[in-house]
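Residue 135, in full-length UniProt numbering, is where the sequence shown stops; the numbers in between run on with no holes. The C-beta atom is built at its ideal place from N, Cα and C for all residues, glycine as well. Remember, it's a predicted structure, so these values are computed and weren't measured experimentally. Reviewing the structure listed below.
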Amino acid sequence: MSKDLFDAAFAAMQKAHAPYSRFPVGAAVRTSDGRVYSGCNIEVISYPEGWCAETTTLSHFVMGGGGTITDIVVVAEKKAKCTPCGGCRQRLAEFAGPDTRLHLCDNDGIVETLTMRDIFPYGFEAEVLGKGNPA
Numbered sequence: 001m002s003k004d005l006f007d008a009a010f011a012a013m014q015k016a017h018a019p020y021s022r023f024p025v026g027a028a029v030r031t032s033d034g035r036v037y038s039g040c041n042i043e044v045i046s047y048p049e050g051w052c053a054e055t056t057t058l059s060h061f062v063m064g065g066g067g068t069i070t071d072i073v074v075v076a077e078k079k080a081k082c083t084p085c086g087g088c089r090q091r092l093a094e095f096a097g098p099d100t101r102l103h104l105c106d107n108d109g110i111v112e113t114l115t116m117r118d119i120f121p122y123g124f125e126a127e128v129l130g131k132g133n134p135a
């Protein structure tokens, strides 16, 4: 079942706009009802103003109606088992629970599966601000 999610992330990676870093990344999420959203990194010359693949994916997820994320895939052309950056870990945690599966890949497929709890055990939680998870 995760092969199609990898394929979506890999196809997104092929569309990355990464002329400065030359480090294309693709990501994809699956919701509990089977919908898949994907995205790629989009760079601009002012590095902090670009978007990571996970951020683009979450934008599509939100615009598509959201839901419960069950699986996340990240793939980078030049780095096997590429993990989300710190900022993207927090962004993903905003919409995915601690038991959501995070699949790390090489260019041929999934090579390791963790949970969001494994990779981001101490992220900010909405409950601290008196708000529940908006997802």
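Query raised in the report: Alpha carbon to alpha carbon, what distance is there between Glu125 and Phe23?
Result: In the sequence shown, counting from the first residue as 1, residue 23 sits at position 23. In the sequence shown, counting from the first residue as 1, residue 125 sits at position 125. Those two C-alpha atoms are separated by around 30 angstroms.
Report task. State yes or no: is the C-beta of Ala16 within less than 8 angstroms of the C-beta of Cys40? Result -> The residue labelled residue 16 in the question sits at position 16 within the sequence shown. The residue labelled residue 40 in the question sits at position 40 within the sequence shown. Yes, they are a contact pair.
Query - C-beta contact flag for Thr83 and Pro98 at 8 angstroms - result: Reading the sequence shown from its first residue, position 83 is the one you call residue 83. Reading the sequence shown from its first residue, position 98 is the one you call residue 98. No, the pair does not count as a contact, with Cβ atoms beyond the cut-off.
**Report entry** Phe6 and Ile110 closer than 8 angstroms at C-beta
**Finding:** Within the sequence shown, numbered from 1, the residue matching residue 6 stands at position 6. Within the sequence shown, numbered from 1, the residue matching residue 110 stands at position 110. Yes, the Cβ-Cβ distance between Phe6 and Ile110 is below 8 angstroms.
Query raised in the report: How close, in whole Å, do the beta carbons of Glu54 and Cys88 come, if the pair is a contact with beta carbons under 8 angstroms?
Result: Translated into positions along the sequence shown, residue 54 becomes position 54. Translated into positions along the sequence shown, residue 88 becomes position 88. Contact between Glu54 and Cys88 holds, with the beta-carbon distance rounding to 4 angstroms and staying under 8 angstroms.
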